[in-house]
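Residue 593 in full-length UniProt numbering sits at position 593 of the sequence shown; the count goes up by one each step and never skips. We put the CB at the ideal spot given by N, CA and C, even for glycine. Treat the numbers as computed from the prediction; the structure is a model and nothing was measured.
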Amino acid sequence: MDQGLACASGSKLVFTGSSFESLTRSNSSPVAFRSSLLGNSFSFVGQLSRRSAESLRNRSSIITPRCSVSVSPAERDSEGSNGLRMASGQEEACGAHLCTSAEGLCDTVVGVLGGGQLGRMLCQAASPMGIRVAVLDPMENCPASSIAYRHAVGSFRDTNAVREFAKGCGVLTVEIEHVDVDTLDALAKEGVDVEPKPSTIRIIQDKYLQKVHFSKQGVALPEFMKIDNEEGAEEAGRIFGYPLMLKSRRLAYDGRGNAVVRSRDELANAVSLLGGYERGLYAEKWAPFVKELAVMVARGRDGSVSSFPVVETTHKDNICHTVEAPARVSPDVAKIAMSTAEKAIKSLDGAGVFGVELFLLADGQVLLNEVAPRPHNSGHYTIEACFVSQYEQHLRAVLGLPLGDPSMKVPAALMYNLLGEDDGEAGFALAHQLLHKAVSVPGASVHWYEKPEIRKQRKMGHITFVGPTASVVRARLNSIISNTGSNNNGSATTAPKSLAARSSDSNADVTAAVGIIMGSDSDLPVMKAAAEILEEFGVPYELTVVSAHRTPERMVSYAQQAYKRGVKVIIAGAGGAAHLPGMVAALSPLPVIGVPVKGSSTDGMDSLLSIVQMPRGIPVATVAINNATNAGLLAVRMLGVADSQYIEKMLKYQDSLKDMVLEKVEKLERVGWQEYLR
1 MDQGLACASG
11 SKLVFTGSSF
21 ESLTRSNSSP
31 VAFRSSLLGN
41 SFSFVGQLSR
51 RSAESLRNRS
61 SIITPRCSVS
71 VSPAERDSEG
81 SNGLRMASGQ
91 EEACGAHLCT
101 SAEGLCDTVV
111 GVLGGGQLGR
121 MLCQAASPMG
131 IRVAVLDPME
141 NCPASSIAYR
151 HAVGSFRDTN
161 AVREFAKGCG
171 VLTVEIEHVD
181 VDTLDALAKE
191 GVDVEPKPST
201 IRIIQDKYLQ
211 KVHFSKQGVA
221 LPEFMKIDNE
231 EGAEEAGRIF
241 GYPLMLKSRR
251 LAYDGRGNAV
261 VRSRDELANA
271 VSLLGGYERG
281 LYAEKWAPFV
291 KELAVMVARG
301 RDGSVSSFPV
311 VETTHKDNIC
321 HTVEAPARVS
331 PDVAKIAMST
341 AEKAIKSLDG
351 AGVFGVELFL
361 LADGQVLLNE
371 VAPRPHNSGH
381 YTIEACFVSQ
391 YEQHLRAVLG
401 LPLGDPSMKV
411 PAALMYNLLG
421 EDDGEAGFAL
431 AHQLLHKAVS
441 VPGASVHWYE
451 KPEIRKQRKM
461 GHITFVGPTA
471 SVVRARLNSI
481 ISNTGSNNNG
491 SATTAPKSLA
501 ARSSDSNADV
511 TAAVGIIMGS
521 DSDLPVMKAA
531 AEILEEFGVP
541 YELTVVSAHR
551 TPERMVSYAQ
561 QAYKRGVKVI
571 IAGAGGAAHL
581 PGMVAALSPL
591 PVIGVPVKGS
601 STDGMDSLLS
611 IVQMPRGIPV
621 ATVAINNATN
631 AGLLAVRMLG
641 VADSQYIEKM
651 LKYQDSLKDM
661 VLEKVEKLER
671 VGWQEYLR
């Protein structure tokens, strides 16, 4: 007989497995159950009659040998009540975190140490599922206090407060790593469920121990060394050179506890700023990164991991400023980043969501910067952009529920951190000005943390923009921070250059959607028409010369790397033998549009026939001779399949063509053909 799973809470029973059918058939008393899909199995929840409950107790081996079910004497004689309760200490063995009850998806109270904005968003994610989240935070009006199931006022660094709080929780987790880990360790040894495990929190609390741990696991890191005194600091300078990073081992976040040391003369001052050697310091070799990346990784109770997309982060004054998803990196770099992040998290113990920050170097190498054992600023975008948010995923993980789908449900997303720009009422006024502009922007979602006080650089909220392309979400951000007087403690009142709307400027920090290539600069007078169309439609593009015959290596490299750089369509113009479009199509998975360029001897027929006559399996969409305009229009239509803005623009363009023809018709009828031709 198939073994199933049963758990009880009060008078509710959850049974998972095919043996439920045989169990209910053996009881003459009718049993009313409701069913819900939980993971890949069915759970049945309902009231059992006394006889059914007795039968279940007697046949507990059918359920699982590690689970015992008893009938409470006080409730045994109560008609219609089953009086089921789980035997002490059996909840974990029986998978109690998968229980469904009248309270919702799970009747386990999730206790969160910390009630800041992360705790608040955990509560928000729990509400639709009926999961109860309690928080422990010393602030009576902390961000999570207004929506938590229960708010215990007390410090998450106080032993007595943590112990008392744990009594009312089925599982403990954290929204901040700077907690009393010794108490968590003691509670875990006493049987309290703590996720992630105290050993993991202890490792991550000390950034030097983090580095040591991940280094032993073979995770790529910047070089580092412990610093105990002046001699050690100077030794780090000799080994790593300057500049180098001097970092505090503990209580360091949002740039606090880090100092850039550019020369030996700056060492003493940096050490003093960080609180002295007695605070605990370490040095890290300077990582000349070109991008900062991040990956949110969920770790289930069974040790399995599931990663959200790789994102790109930007920082101002060492505080997260924006998060762009997905990151503008090649598939190869994204794969390395995700692999590095997952390798790090697999080496830790316990369940939950982890924020992994990474450095991308110019040579494509990816180095781990640091890890947070909780939801993270770089994962806020997941609320609107992914099928499951990092907050719901964290709850799923710590409760032992199946992990959700972390992939994106929109093509592009951009998270903007709303930081305090001033203290007091002036700061609130500036923040509210931005919020009111954001609510009128399509695809914008406002998150206000309800912090009672505002000060410069304090995280007060965030705004997430979603849209069909990265250029669209950047433009949407730009629309609310341009000319508002709001600079979010930056140096300008417009969007950062790296976030400006895409253009054809080859020096702009943009990703081309269309690549225009030609065999010779002599083809440019023809091919410029494609560029003009793309300009008209606002399509980001690149234009260059790639000769199939004179620069074959360059052609191969361009064709093979274009899709990795984010190019979606290639327009290739060539005259004479015109091998360029076909060869590029053979080397690239992207759609290629061929433009036959008219030569000096055969009026372009040779080019047309060369491009059209491609062998089966190597398609090239070919337009008329010298008709680069149509190539540009076809590229726009191809992009429109995934981006509605181009469809809308194409419809307007088609209307303009109709209007142009009708204007000519009207003129012809009005003046006559003879006058019309003059």
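Checklist line | Residue interval of the beta strand (DSSP E) (run including G594) | finding: Annotation for G594: the continuous beta strand (DSSP E) segment containing it runs V592 to V597.
Note to self: Rounded to whole angstroms, what is the Cα-Cα separation between Y282 and M296?
What the structure shows: If you take the alpha carbons of Y282 and M296, they lie about 26 Å apart.
Check: The alpha helix (DSSP H) with A530 in it runs from where to where?
Finding: A530 -> alpha helix (DSSP H) spans L524 to F537.
Next item on the list: List the endpoints of the continuous alpha helix (DSSP H) containing L187.
Entry: DSSP places L187 in the uninterrupted alpha helix (DSSP H) bounded by V181 to K189.
Checklist line | M605 - DSSP class collapsed to helix/strand/coil | finding: If DSSP states are grouped into helix, strand and coil, M605 belongs with the helices.
Margin query: Since Y541 and G515 should fall inside the 8 Å C-beta cutoff, what is the C-beta to C-beta distance between them, to a whole number of angstroms?
Written below: The beta-carbon distance between Y541 and G515, rounded to whole angstroms, is 7 Å. This is short enough to meet the 8 Å contact definition.
Note to self: Using the Cβ count rule (16 or more neighbours within 10 Å means buried), how would you classify V398?
What the structure shows: Here V398 is buried. Its C-beta has 16 or more other C-beta atoms within 10 Å.
Next item on the list: Pull up the CB-CB distance for A426 and A385, whole angstroms please, since I reckon it's below 8 Å.
Entry: About 32 Å separates the beta carbons of A426 and A385, which is beyond the 8 Å limit, so they are not a contact pair.
Notebook entry, point to check: For the alpha helix (DSSP H) that contains V219, what are its first and last residues?
Noted result: No alpha helix (DSSP H) holds V219; DSSP gives it neither H nor E.
Next item on the list: Compute the distance between the beta-carbons of G300 and S307, then report whether it is under 9 Å.
Entry: In terms of Cβ geometry, G300 and S307 do not form a close pair [threshold 9 Å].
Next item on the list: Tell me whether M638 sits in a helix, a strand or coil according to DSSP, three-state version.
Entry: It is helical.
Note to self: By DSSP's criteria, I227 is part of a beta bridge. Which residues make up the other side?
What the structure shows: Beta-bridge partners assigned by DSSP to I227: L281.
Check: Per DSSP, which one or two residues make a beta bridge with Y381?
Finding: Partner(s): none; Y381 has no beta bridge.
Check: Taking the C-alpha atoms as reference points, what is the distance between K658 and K649?
Finding: One C-alpha to the other measures close to 14 Å.
Next item on the list: Within the stretch 386-414, note down every full beta strand (DSSP E) run reaching 3 residues or more, in order along the chain.
Entry: Whole beta strand (DSSP E) segments, 3+ residues: zero.
Notebook entry, point to check: What is the rounded straight-line gap between the Cα of K409 and the Cα of R396?
Noted result: Looking at the backbone, the Cα of K409 and that of R396 are separated by about 19 Å.
Next item on the list: Rank N626, R455, R616 and S482 by C-alpha distance to the C-alpha of V526 and give the top, closest one.
Entry: Nearest option by C-alpha distance: N626.
Note to self: Need the endpoints of the alpha helix (DSSP H) that N258 sits in, please.
What the structure shows: Counting along the chain, N258 falls outside any alpha helix (DSSP H), though it belongs to the beta strand (DSSP E) covering N258 to V261.
Margin query: Considering only the alpha carbon of each residue, which of V641, R132 and F240 lies closest to R262?
Written below: If we check each option's Cα against that of R262, F240 comes out closest.
Next item on the list: With distances taken Cα to Cα, identify the nearest neighbour of T629 among R565, V592, K528 and E553.
Entry: The candidate whose alpha carbon is nearest that of T629 is K528.
Margin query: Quick check: the Cα distance between P375 and V171, rounded to an integer number of angstroms?
Written below: Each residue's Cα considered, the two are about 17 Å apart.
Item checked: Anticipated Cβ contact below 8 Å, I533 with G632, distance rounded -> Contact flag correct, Cβ pair sits at about 3 Å.
Note to self: Rounding to the nearest angstrom, what Cα-Cα distance links G350 and L368 in this structure?
What the structure shows: Taking the straight line joining both Cα atoms gives about 20 Å.
Next item on the list: Grab me the residues of L662's own chain with a C-beta within less than 6 Å of its C-beta, minus the 5 sequence neighbours each way, in chain order.
Entry: The beta carbon of L662 lies closer than 6 Å to none in the same chain, with the five residues before and after it left out.
Check: When DSSP builds the beta bridges, which residues end up paired with A166?
Finding: Residue pairing by DSSP leaves A166 without any beta bridge partner.
Notebook entry, point to check: By DSSP, does R476 sit in helix, in strand, or in coil?
Noted result: Correct three-state label for R476: helix.
Margin query: Residues in the same chain with beta-carbon distance under 7 Å from S389, minus the five sequence neighbours each way, listed in chain order, please.
Written below: If we look at S389 and ignore the five residues flanking it on each side, its Cβ neighbours are A125, T382 and I383.
Item checked: Inter-residue spacing [alpha-carbon to alpha-carbon] between K226 and E234 -> Rounded to the nearest whole angstrom, the CA to CA distance from K226 to E234 is 12 Å.
Margin query: Pull the bridge partners of Y558 from the DSSP assignment, please.
Written below: Per DSSP, none; premise fails for Y558.
Next item on the list: Can you tell me which of K568, M245, Q561 and P288 puts its alpha carbon nearest to the alpha carbon of V271?
Entry: The shortest Cα separation from V271 among K568, M245, Q561 and P288 belongs to M245.
Notebook entry, point to check: On the three-state DSSP scale, how would you describe A624?
Noted result: Under the three-state reduction of DSSP, A624 is assigned to coil, being neither helix nor strand.
Item checked: Straight-line gap, R249 to K216 (C-alpha atoms, nearest Å) -> For R249 and K216, the distance between alpha carbons rounds to 18 Å.
Item checked: For C123, three-class secondary structure by DSSP -> When secondary structure is reduced to three states using DSSP, C123 falls in the helix class.
Check: T494 to S600, Cα distance in whole Å?
Finding: Confidence in T494 is poor, its pLDDT being 39 and thus under 50, which makes the residue's placement too unreliable to answer from.
Notebook entry, point to check: Do G355 and A294 have their C-beta atoms within less than 9 Å of each other?
Noted result: It is a contact, given that the beta carbons lie within the stated cut-off.
Check: Which residues in the same chain have their Cβ closer than 7 Å to the Cβ of N141, if we skip the five residues on either side of it in sequence?
Finding: Answer for N141: P452, listed in chain order.
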